[in-house]
Amino acid sequence: MTTQTILPVDAGRLSELSLRSGEPEWLKESRLKALELAAELELPKLEKTRIDRWNINQYGSYKESAAIAALNEAPSSIAALVGSSEEGSLIIQRNSGAVYTRLAPELAEQGVIFTDLHTAVKNHGELVRRYLHTAVKPEEHKVAALHAALWNGGVFLYIPKNVVVDTPVQAIFLTDDAEASFAPHILIVADSNSSVTYVDNYVSGKSEAGLHNGAVEVFACAGAKVRYATVHQFGADTTDVTYRRAIVENDGAVEWIVGEMNDGDTASDTKSVLKGNGASSDAKVIAVGSGSQKLNYTTQAQHFGKNTPSNMITRAVMRENATSIINGITKIEKGATRADGQQTEKVLMLSPKARGDANPILLIDEDDVTAGHAASVGQVNPEQIYYLMSRGISRSDAEKLVIYGFLAPVVSQIPLEGLRNQLKSLVERKLGQ
Amino acid sequence: MAAEFVIEGLKATIEGKEILKGFNLQMKGGEVHAIMGPNGTGKSTLASSLMGHPKYEVTEGTVTLEGQDVLEMSVDERARAGLFLAMQYPSEIAGVTNSDFLRSALNARREEGSEISLIKFIRQMESKMKDLEMNPEFMHRYLNEGFSGGEKKRNEILQMMLLEPKIVILDEIDSGLDIDALRVVAQGVNAMRSEDRGFLVITHYQRLLNYIKPDFVHIMMQGRIVKSGGPELAERLEADGYEWVKEELGIEDEVVGQEV
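Which chain is which? The protein sequence lines are W and L, in order. Each position in the first sequence, counted from 1, maps to that position plus 10 in the numbering used here. Each position in the second sequence, counted from 1, maps to that position plus 5 in the numbering used here.
Right, here's the structure in full:
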């Protein structure tokens, strides 16, 4: 393809921005190199999805965000997520930058680092540099390269060796200014035998269309456990392209919980690389599509280590004219003996015009493994609706029960009660009831 | 007021084939009517047509419950008007627990804001489950999923007991039940017999009627009732089979809707 590439920023402006933000030379170089790559690389190739036809060029430009002093000053669009308590650990990013950061004192005492990524670059430059862009590489494709060139705000979470964080650490990302670029980068490093749960929410409220180009990098060192829960609830104003990667070392574990509740076009790719022996991964994705949304969800597990189990479950409900492509890729490399890769993708369609496509893929280069997949695409069973209605339940309530029933086996496994309830109410909202 | 359930000249088709060919029946609260007949004579079609299964189309006739036109009602409206069908093959619904389902069904009969309290509901459900000798864990199991044939039938009766309908249709509730399960299910039904509740018991074995004593017995062939009588009719069928009925009425082939 020889499509003329129009980059959202030129090298001169990017370098000026980087300088003005006081970024070190290595980061400025990293951004400029990524921008060069962005000019050369193609868009990612998504199964049966023409992302090139999506609205993916509305990057906007970097704008300073005014910090807030207390949570009661948070924008009303995220008030419900924020709550009122000034406890726990929370970062709020609004458009291009963080506006609120709080780390619980007891975590700070244990050496936990939790700041926006710009601040982390200033204060913990070497630590950030060691990991940044090594899981989601700018070389992958144009979107990843542009992200690496332009990222802003973001989160850096570091858990020192043997530290177990019990309460979830949270972040909220809000885009409500279409002119401001919005490309948060989440970097989580869990050092050996540490454990943490991180939960974030993505919200929008723009008057014009914009793009979220997001990247998440999780590093679970030996024996570390990271649970990453994310809820995307952007409005129709936002096209969402998000790449999530975890690198898991010996006996480390990563757990993904992904709620895809956007109203705009969405492509997401969530991948665990099981590098060490005994490393494990569990991914749960629930999604509801409505309107004329185009959706492409991919979950991946790549096994290098021996004795590595992975499990991936996606359940998606499509209504109205929503179209979804759901891919599961289990890749077991030569030498990953006794790996066990399991995946299930299920789509429930609520209207004749909704479309769902489930593509389970197993790529196995080692003999001594177990692997399995299941996929199904179907409509609400009219016999079930009849049965429920024959007990006096109205058609709409009967459909609701069947839909929640379809999602329940995944939702009920979510270990955080607040998140479980939040997802339930988001599903209800997306179903328009 | 005792429920009055009247079926007149009911004709129904499935996929264009006429199965019910003018079915008539009148029943009142307090009465137990048994519909008996060999396989393929339209018994289950009768049950499904009365409840409003979308695959069956009623082409002629009327059905009224306490004077209300049942055929004009949607399936859920029929249920709320007091009709209950214990199905031969209840659906399995993954992800919906038995208790959530039953609570939704009970609340569908109540005004918004006056829903049954959770504690009261659980107490009721537990007590009825005990009567039916059901393991309490079935409360939290997904609706009928992985239930054995007998467990499904008990669960149908449990629903009947909690929903307290006016007219109960039992479609082959005895099929697939061993004698102990049959006894328990029949006990559940008998406990619900009352002056203001009528039962239509569909079966092709007389065995069930030893446990649920009918007031009236009707024999169904070729999509309609061909002979009616008291409990003695069922006993004669048990002893002599259906052949004598066919001979007496000059019926060669009792089934209906078969391809010729």
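Glycine included, each C-beta is placed from N, C-alpha and C at the ideal position. Quick caveat: nothing in here was measured; it's all calculated off a predicted structure.
Quiz item: Residues bridged to W:GLY388 by DSSP?
Solution: Within the DSSP bridge table, the entry for W:GLY388 names W:LEU358 as partners.
Practice problem: Use the C-beta contact count for L:LYS133: other C-beta atoms within 10 angstroms, 16 or more gives buried, fewer gives exposed. | Solution: L:LYS133 comes out buried.
Quiz prompt | Contacting positions in the stretch 403 to 437 of chain W - beta carbon closer than 8 Å to chain L | solution = Going along the stretch 403 to 437 of chain W in chain order, one finds ILE403, SER404, ARG405, ASP407, ALA408, LEU411, VAL412, TYR414, GLY415, PHE416, LEU417, ALA418 and PRO419 with a Cβ nearer than 8 Å to chain L.
Quiz prompt | Inter-residue spacing [alpha-carbon to alpha-carbon] between W:ASP62 and W:GLY220 | solution = CA-CA distance, W:ASP62 to W:GLY220, rounds to 15 Å.
Quiz item: Under a three-way DSSP split, which group does L:MET78 fall into?
Solution: Assigned with DSSP and collapsed to three states, L:MET78 falls in coil, not helix or strand.
Quiz item: By Cβ distance below 8 Å, which residues in the same chain neighbour W:ILE101 in space, the five residues on each side in sequence not counted?
Solution: Closer than 8 Å at Cβ, skipping near neighbours: ALA108, TYR110, THR111, ARG112, PHE124, THR125, ASP126, VAL165, GLN180, ALA181 and ILE182.
Quiz item: Looking only at C-alpha atoms, which of L:ILE178, L:ASN195, L:LEU182 and L:ASP185 sits nearest to L:GLU169?
Solution: Closest in alpha carbon position to L:GLU169, among L:ILE178, L:ASN195, L:LEU182 and L:ASP185, is L:ASN195.
Quiz item: If you draw a straight line from the C-alpha of W:GLY382 to the C-alpha of W:GLY351, how long is it?
Solution: Whole-angstrom Cα-Cα distance: 6 Å.
Exercise. Could you tell me if W:LEU29 is buried or exposed, where buried requires 16 or more neighbouring beta carbons within 10 angstroms of its beta carbon?
Key: When all chains shown are included, W:LEU29 counts as exposed.
Practice problem: My understanding is that L:MET92 touches L:MET225, with C-beta atoms under 8 Å, so please give their C-beta distance in whole angstroms. | Solution: Contact doesn't hold; Cβ gap of about 18 Å is too wide.
Exercise. Go ahead and pull the three-state DSSP assignment for L:MET41.
Key: Secondary structure at L:MET41: strand, using DSSP grouped into helix, strand and coil.
Quiz item: Can you pull the DSSP bridge partners for W:THR309?
Solution: Looking at the DSSP output, W:THR309 shares a beta bridge with W:THR280 and W:GLY338.
Exercise. Keeping to the same chain, check which residues put their C-beta closer than 6 Å to that of W:GLN120; ignore five residues upstream and five downstream.
Key: Answer for W:GLN120: VAL173, listed in chain order.
Self-check item: Which of helix, strand or coil DSSP assigns to W:PRO194
Solution: The DSSP-derived three-state label of W:PRO194 is coil.
Self-check item: Span separating the alpha-carbon of W:VAL298 from that of L:ALA113
Solution: Taking the straight line from one Cα to the other gives about 26 Å.
Quiz item: Is the CB of L:PHE106 under 8 Å away from at least one CB in chain W?
Solution: Using a CB distance cut-off of 8 Å, L:PHE106 counts as an interface residue toward chain W.
Quiz item: In terms of residues, what are the limits of the beta strand (DSSP E) holding W:GLY222?
Solution: Here residue 222 of chain W is His; the residue named in the question, Gly, does not match the sequence. Per DSSP, W:HIS222 belongs to the beta strand (DSSP E) from 220 to 230.
Exercise. Report the option in L:GLN227, L:ASP176, L:ARG212 and L:GLY21 whose CA atom is closest to the CA atom of L:LEU205.
Key: Nearest of L:GLN227, L:ASP176, L:ARG212 and L:GLY21 to L:LEU205, Cα basis: L:ASP176.
Exercise. Out of L:MET32, L:PHE10, L:ASN44 and L:GLU20, point me to the one whose CA is closest to L:VAL261's CA.
Key: When each option's Cα is compared against that of L:VAL261, the closest is L:ASN44.
Quiz item: Within 8 Å (strictly less), CB to CB, does W:PRO362 reach chain L?
Solution: W:PRO362 does not count as touching chain L.
Quiz item: Nearest to L:PHE10 by alpha carbon, out of L:LYS125, L:ARG212, L:PRO236 and L:ASP201?
Solution: When each option's Cα is compared against that of L:PHE10, the closest is L:ASP201.
Quiz item: Thinking C-beta only, is W:VAL131 closer than 8 Å to W:ILE169?
Solution: The Cβ-Cβ distance between W:ILE169 and W:VAL131 does not fall below 8 Å.
Quiz item: Just curious, the alpha helix (DSSP H) that W:GLY415 is in, first and last residue?
Solution: 405 to 421 is the span of the alpha helix (DSSP H), which, as asked, contains W:GLY415.
Quiz item: Is any beta-carbon of chain L found at less than 8 Å from that of W:MET399?
Solution: Contact with chain L is found for W:MET399, since one of that chain's Cβ atoms lies less than 8 Å from the residue's Cβ.
Quiz item: Of all the residues that make up the stretch 80 to 106 of chain W, which are near chain L by a beta-carbon distance shorter than 8 Å?
Solution: Near chain L, meaning a CB-to-CB distance below 8 Å, no residue of the stretch 80 to 106 of chain W qualifies.
Quiz prompt | With 16 other Cβ atoms within 10 Å as the buried cut-off, status of W:PRO319 | solution = When all chains shown are included, W:PRO319 counts as buried.
Quiz prompt | W:LYS434: first and last residue of the uninterrupted alpha helix (DSSP H) it sits in | solution = Residue range 427 to 440 is occupied by the alpha helix (DSSP H) that includes W:LYS434.
Quiz item: Among L:SER54, L:LYS60 and L:SER180, which has the Cα closest to the Cα of L:VAL68?
Solution: Distance check between L:VAL68 and each of L:SER54, L:LYS60 and L:SER180 places L:SER54 closest, using alpha-carbon atoms only.
Exercise. Using three-state DSSP, classify L:MET32 as helix, strand or coil.
Key: DSSP places L:MET32 in strand when its eight states are reduced to three.
Exercise. At 7 Å on the CB atoms, spell out the chain L contacts of W:ASP394, in chain order.
Key: Inspection of the sequence shows that residue 394 of chain W is occupied by Gln rather than by Asp. Per Cβ cutoff of 7 Å: SER96 and ILE98.
Exercise. Thinking W:ALA193 and W:LEU160 are a contact (beta carbons under 8 Å), I'd like their distance in whole angstroms, please.
Key: Rounded, the Cβ-Cβ distance is 5 Å, consistent with contact.
Quiz item: Taking Cβ positions, are L:VAL222 and L:PHE89 nearer each other than 8 Å?
Solution: Not in contact: L:VAL222 and L:PHE89 (Cβ atoms no closer than 8 Å).
Quiz item: What in chain W is Cβ-close to L:GLN164, meaning under 8 Å?
Solution: Within chain W, the residues near L:GLN164 are ARG401.
Quiz prompt | Cβ-based burial, W:ASN82 [other Cβ within 10 Å; buried from 16] | solution = Taking a 10 Å sphere around the C-beta of W:ASN82, we find fewer than 16 other C-beta atoms and assign the residue as exposed.
Practice problem: Could you list the residues in the stretch 58 to 70 of chain L with a C-beta less than 9 Å from some C-beta on chain W, going in chain order? | Solution: Answer set for the stretch 58 to 70 of chain L: HIS58, PRO59 and LYS60.
Self-check item: CB of W:GLU6 within 8 Å of CB of W:ALA118, strictly
Solution: A question about residue 6 of chain W goes unanswered here, because the residues of chain W that appear run from 11 up to 443.
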